[in-house]
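Quick note: the sequence shown uses the UniProt record's numbering, first residue 1, plus one each step.
Input: a single structure, listed below in structure tokens.
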Amino acid sequence: MSKQIPRYLPPPDPQPYSPRYYDIGMNLTDTMFRGIYHGKQYHAPDIPEVLKRARDRHVRTLLLTGSSIEESRQLISMVAGLKNASPVKLYYTVGVHPCCVNEFAEASGEDPLPATTGTDSTEKVESSSTAVETDQQDKDSKQPQDNSAGSKDSMEKEVDETARAVSNASVNDEAAETASAESGKTIWDVITANPVTASTEATAAAELAKSHPDTNEYSMGLYKSLISSDETVRNASISIVKQRVKELYALLQSRLDDPDFRAIGEFGLDYERLHYSCRELQLIFFAEQLKLVCLLKANKPLFLHMRKAGPDFTEILRRFIEGFTDERDTHGLRELTNTDKPIHYKFAPDQKFVVHSYSDSLEDLDNLLGLSPHCYIGLNGASFRTDENIEAVRRLPLDRMLLETDAPWCEIRPTHVAQQFLKNWKPQPIANPYKTVKKNKLAKMPREEWVQCMVKSRNEPCMMEQVAFVVAEVKKCPIEEIVEIAWKNSCKVFGK
Numbered sequence: 001m002s003k004q005i006p007r008y009l010p011p012p013d014p015q016p017y018s019p020r021y022y023d024i025g026m027n028l029t030d031t032m033f034r035g036i037y038h039g040k041q042y043h044a045p046d047i048p049e050v051l052k053r054a055r056d057r058h059v060r061t062l063l064l065t066g067s068s069i070e071e072s073r074q075l076i077s078m079v080a081g082l083k084n085a086s087p088v089k090l091y092y093t094v095g096v097h098p099c100c101v102n103e104f105a106e107a108s109g110e111d112p113l114p115a116t117t118g119t120d121s122t123e124k125v126e127s128s129s130t131a132v133e134t135d136q137q138d139k140d141s142k143q144p145q146d147n148s149a150g151s152k153d154s155m156e157k158e159v160d161e162t163a164r165a166v167s168n169a170s171v172n173d174e175a176a177e178t179a180s181a182e183s184g185k186t187i188w189d190v191i192t193a194n195p196v197t198a199s200t201e202a203t204a205a206a207e208l209a210k211s212h213p214d215t216n217e218y219s220m221g222l223y224k225s226l227i228s229s230d231e232t233v234r235n236a237s238i239s240i241v242k243q244r245v246k247e248l249y250a251l252l253q254s255r256l257d258d259p260d261f262r263a264i265g266e267f268g269l270d271y272e273r274l275h276y277s278c279r280e281l282q283l284i285f286f287a288e289q290l291k292l293v294c295l296l297k298a299n300k301p302l303f304l305h306m307r308k309a310g311p312d313f314t315e316i317l318r319r320f321i322e323g324f325t326d327e328r329d330t331h332g333l334r335e336l337t338n339t340d341k342p343i344h345y346k347f348a349p350d351q352k353f354v355v356h357s358y359s360d361s362l363e364d365l366d367n368l369l370g371l372s373p374h375c376y377i378g379l380n381g382a383s384f385r386t387d388e389n390i391e392a393v394r395r396l397p398l399d400r401m402l403l404e405t406d407a408p409w410c411e412i413r414p415t416h417v418a419q420q421f422l423k424n425w426k427p428q429p430i431a432n433p434y435k436t437v438k439k440n441k442l443a444k445m446p447r448e449e450w451v452q453c454m455v456k457s458r459n460e461p462c463m464m465e466q467v468a469f470v471v472a473e474v475k476k477c478p479i480e481e482i483v484e485i486a487w488k489n490s491c492k493v494f495g496k
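The structure is reproduced here in structure tokens:
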């Protein structure tokens, strides 16, 4: 009997490439995902469908961003509730967005302290609302949500005569630059918030009004209370700030052992939207939150926001990288560590930080990357508006690049320069794989059809592929390479 010769079986084909996306910025607490737009309910919450679409388009992980104390609490509860049912991993951040820093100077759960001047009830309501990212001209930034936020942090009042003198002017505000030159103030003078005297209070108020024509008056009123010559008003304001800073610190500390808590943020500076929170409060509470980072010693990455504030933003970060001692401790941070000695603030040598949704200048990009080898840049639709934006993407080293959507904001719009790159994708058109419907039409459709529909002009994580493709086209790299590098960078910063 002849021996049977075994059949030759060729090796199986290698596993087909499957993208994996890590969306490092999504605002899942935004009311749009609950069907509420500009305060009006249009459809039922559709978060399950949003997450399903994300998974179907190869999104594995979402980092959900907190923008205020109250919103961060909501986010913690939301992640806990969705965790077992979500088709994608959900992680979260805790922090106070620059457009929400008014909450640092407002009593928790109470009416805010009356401002010394210029307070309007309408402005108060608008400015204390949780802000989410939206651009003034392109609507690619943050707008206030319907859920009200409390108040927050306060500013550090340490004056260091050797600190670098940096203009306290907004990039877009020449009047502010003039006022800064006349007063000789640096950003550290603002952060220190020395009280004015009765004889100089009127002059200081006039200077502020001149240099902040577009600033929210309610927010400016909160700041004036913090530097008031009236000791009673000033002490009451500082007391509120101390309470709110401790509140944020306690929340951060309580989450340190939670494996889903992946970053501190979103916080920073936003000089494009001073109609939400004034520049002075933003400076103060950017510094205060960075101090809390140092006190926590948790080595959590930072999720940072910067809009038209490059020089001030970079200078403040540099100060914390180099280290400094706060002799004054205006807002009582020594109490958090049970010490009566001045605190020396300095980042850990390997402190990672991400400047997300980058849309600023080439010079600012170079300055940020030069600050630390642990600085990373997040790119989304807002990063592709202009020719300079595209050049920044081209210049950004791949090992510092992260990708995001910042949904429901920052989609790639028809007016963006990025559109020319999307047209180049001939083999696999970037056409949205889902039907787009107006927000008032979704509720009229059978629920089982919702998963195949996106709400018009509401960005979602399922559009990560668009972001990756634009970056690939700009850098002339295969999209697979961009996706894998971004995935590995994201895991390196925030954990897998």
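Ideal Cβ positions, reconstructed from N, Cα and C, are used throughout, including at glycine.
Legend entry - Between the CA atoms of Phe494 and Glu481 - distance to the nearest angstrom: 20 Å
Inset, instruction - Report the partner residues of Phe267 according to the DSSP bridge assignment. - result: As DSSP reads the structure, Phe267 sits in a beta bridge with Leu304.
Inset, instruction - Report, in whole angstroms, the separation of the C-beta atoms of Val451 and Lys52, which I expect to be a contact under 8 Å. - result: Right, the Cβ-Cβ distance comes to about 5 Å (below 8 Å), so this counts as a contact.
Inset, instruction - Answer with buried or exposed for Leu402, where buried requires no fewer than 16 other C-beta atoms within 10 angstroms of its C-beta. - result: Counting Cβ neighbours within 10 Å, Leu402 comes out buried, since at least 16 surround it.
Inset, instruction - For Gly268, collect the residues of the same chain with a Cβ closer than 7 Å to its Cβ; drop the 5 residues on either side in sequence, then sort them by chain order. - result: Pro98, Phe286, Leu304, His305, Met306, Phe313
Inset, instruction - Alpha carbon to alpha carbon, how far is Met445 from Phe353? Give it in angstroms, no decimals. - result: Phe353 and Met445 have their C-alpha atoms roughly 43 Å apart.
Inset, instruction - Determine contact between the region 330-344 and the region 356-373, defined as no fewer than three beta-carbon pairs at a distance below 8 Å. - result: Contact between the region 330-344 and the region 356-373 is not established, with fewer than three Cβ pairs separated by less than 8 Å.
Inset, instruction - Would you give the residue range spanned by the alpha helix (DSSP H) that Val471 belongs to? - result: Per DSSP, the continuous alpha helix (DSSP H) segment holding Val471 begins and ends at 464-475.
Legend entry - For Met454 and Thr405, the rounded distance between their alpha carbons: 15 Å
Inset, instruction - List the endpoints of the continuous alpha helix (DSSP H) containing Thr192. - result: Per DSSP, Thr192 belongs to the alpha helix (DSSP H) from 187-192.
Legend entry - Bridge partners - Cys375, DSSP secondary structure assignment: Phe353
Legend entry - Residue span of the beta strand (DSSP E) that contains Asp326, given as start and end: 324-326
Inset, instruction - Grab the span of the alpha helix (DSSP H) containing Gly221 for me, first residue to last. - result: 217-226
Inset, instruction - Find out if the Cβ-Cβ distance for the pair Pro461, Leu75 is shorter than 8 Å. - result: Contact: no.
Legend entry - Residue ranges of each beta strand (DSSP E) within the region 364-410, 3 or longer: DSSP runs (the beta strand (DSSP E)) wholly in the region 364-410: 375-379, 401-403.
Inset, instruction - Tell me whether Asn367 is buried or exposed, calling it buried when 16 or more other Cβ atoms sit within 10 Å of its Cβ. - result: Flag for Asn367 reads buried.
Legend entry - Coarse secondary structure for Arg262, derived from DSSP in three states: strand
Inset, instruction - Report the three-state DSSP secondary structure of Lys435 (helix, strand or coil). - result: strand
Inset, instruction - Give me whichever residues DSSP pairs with Leu64 in a beta bridge. - result: For Leu64, the pairing in a beta bridge is given by DSSP as Met26, Tyr92.
Inset, instruction - Output the distance between the C-alpha atoms of Ser154 and Leu292, rounded to the nearest integer angstrom. - result: With a pLDDT of only 33 at Ser154, under 50, the local geometry of the prediction cannot be trusted, and no value is derived from it.
Legend entry - Neighbourhood of Gly35 by C-beta, 6 Å cutoff - its chain only, sequence neighbours within 5 removed: Gln41, Tyr42, His43, Ala44, Pro45
Legend entry - Range of the contiguous beta strand (DSSP E) that encloses Met454: 453-455
Inset, instruction - Give a yes or no on contact between the region 435-444 and the region 22-29, applying the rule of three or more CB pairs nearer than 8 Å. - result: Too few Cβ pairs lie closer than 8 Å, so no.
Inset, instruction - Report the rounded CA-to-CA distance for Cys477 versus Phe421, giving the unit in angstroms. - result: Each residue's Cα considered, the two are about 13 Å apart.
Inset, instruction - Rounded to whole angstroms, what's the CA-CA distance from Gln243 to Val474? Just pull it up for me. - result: 48 Å
Inset, instruction - Measure the CB-CB distance between Thr186 and Cys278 and report whether it falls below 8 Å. - result: no
Inset, instruction - Give every residue of the same chain whose Cβ lies closer than 6 Å to the Cβ of Gly310, excluding the five residues on either side of it in the sequence, and list them in chain order. - result: Scanning its chain for C-beta atoms nearer than 6 Å, with the 5 sequence neighbours on each side dropped, one finds around Gly310 the residues Asp360, Asp364, in chain order.
Legend entry - Sufficient close CB pairs (3 or more, under 8 Å) joining the region 338-353 to the region 254-261: no
Inset, instruction - Just the C-alpha distance for Ala486 and Met463, rounded to the nearest angstrom, thanks. - result: The straight-line gap from Cα to Cα measures roughly 15 Å.
Inset, instruction - Give the single residue among Leu90, Glu103, Arg55 whose Cα lies nearest to the Cα of Gln282. - result: Comparing Cα-Cα distances from Gln282 to each of Leu90, Glu103, Arg55, the minimum goes to Glu103.
Inset, instruction - Grab the span of the alpha helix (DSSP H) containing Ile343 for me, first residue to last. - result: Looking at the DSSP string, Ile343 is not in any alpha helix (DSSP H); the run it does join, the beta strand (DSSP E), is 343-345.
Legend entry - Closest residue to Ile69 among Tyr249, Ile227, Gln15 (Cα-Cα distance): Tyr249
Inset, instruction - Report back the beta-carbon spacing between Asn380 and Val467 to the nearest angstrom; my notes put them in contact at under 8 Å. - result: Correct: roughly 6 Å between the Cβ atoms.
Legend entry - Those residues which DSSP pairs with Tyr21 across a bridge: In the DSSP output, where bridge partners are listed per residue, Tyr21 has Val59.
Legend entry - Inter-residue spacing [alpha-carbon to alpha-carbon] between Ala413 and Asp23: Going by the sequence as given, residue 413 is Arg instead of Ala. Approximately 19 Å, taken between the alpha carbons.
Legend entry - Buried or exposed by the 16-neighbour rule on C-beta atoms within 10 Å, applied to Ser77: Its Cβ having fewer than 16 others within 10 Å, Ser77 is exposed.
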